[in-house]
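Residue numbers (our numbering): 15 to 215.
So, in structure tokens, the structure goes:
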């Protein structure tokens with residue numbers, strides 16, 4: 015089940031990159047048009063000296079900027095931006111959401127007129143993952159911390175009430191089994207012929 019999901023997601027990601035699809039947010043290519051041309055051209059975007067034209071996994075630390083001046087307000091730890099939203103999301107982690115002061119720093123930038131009462135995630139509840147586990151690592155496990163296997167045959171038979179159970183065992187016979195079976199058949203035929211032939215003669 016896990017491998018089917020990761021294979022499907024990987025196929026979508028590779029198809030998107032190999033077809034050089036332009037992100038709707040224009041995060042991987044910048045579009046421009048020359049005044050003398052009717053064609054639209056593309057320039058690949060760069061993230062920390064990595065070109066989206068060569069790989070879709072380029073990333074850069076996410077930051078909050080002033081819309082007008084471009085002044086930097088805040089870097090968001092563990093959150094990345096990149097060529098495609100899905101690629102940068104999968105490389106990101108949730109460390110900021112395990113830190114109350116990080117959440118408090120983000121609050122003023124949320125599009126809400128009232129301050130939300132948001133608490134940091136509880137680190138003590140983590141089992142398999144750690145606070146800086148990437149989203150990719152979590153997706154590879156279907157975001158499930160632990161699998162609890164509970165087998166209840168009685169409940170199955172009570173619920174389904176099968177009238178009979180049939181199963182087939184398919185085996186591949188080895189060379190020793192075949193040889194001993196043939197020797198047994200030949201020995202049985204010789205014994206039977208020794209009993210029958212003298213009576214017929």
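Ideal placement from N, C-alpha and C gives every residue a C-beta, glycine not left out.
Minimum C-alpha distance to residue i - residue among the options
i: residue 145; options: 39, 111, 213; result: 111
i: residue 34; options: 70, 50, 108, 94; result: 70
i: residue 46; options: 56, 190, 149, 108; result: 56
i: residue 32; options: 209, 66, 74; result: 66
i: residue 155; options: 141, 209, 77, 115; result: 141
i: residue 60; options: 52, 41, 48, 77; result: 41
i: residue 115; options: 88, 26, 138, 22; result: 88
i: residue 130; options: 138, 136, 121; result: 121
i: residue 10; options: 126, 138, 27, 118; result: In this structure the chain extends from 15 to 215, so residue 10 is not present and cannot be described.
i: residue 68; options: 39, 98, 91; result: 98
i: residue 123; options: 135, 62, 79, 173; result: 79
Residues bridged to residue i (per DSSP)
i: residue 107; result: 148
i: residue 60; result: 65
Assigned secondary structure, residue i (DSSP; H/G/I helix, E/B strand, else coil)
i: residue 174; result: helix
i: residue 208; result: helix
i: residue 186; result: coil
i: residue 55; result: strand
i: residue 99; result: helix
i: residue 166; result: coil
i: residue 156; result: coil
i: residue 135; result: coil
i: residue 35; result: coil
i: residue 213; result: helix
i: residue 191; result: helix
i: residue 124; result: coil
i: residue 180; result: coil
N- and C-terminal bounds of the beta strand (DSSP E) containing residue i
i: residue 28; result: Note, residue 28: premise wrong, no beta strand (DSSP E); alpha helix (DSSP H) at 16 to 32.
i: residue 142; result: Per DSSP, residue 142 belongs to no beta strand (DSSP E) and is neither H nor E.
i: residue 9; result: Since the first residue of the chain shown is 15 and the last is 215, residue 9 is not available in this structure.
i: residue 92; result: 86 to 96
N-terminal and C-terminal residue of the alpha helix (DSSP H) that residue i is part of
i: residue 47; result: Run containing residue 47: none in the alpha helix (DSSP H); it sits in the beta strand (DSSP E), 43 to 47.
i: residue 114; result: 114 to 120
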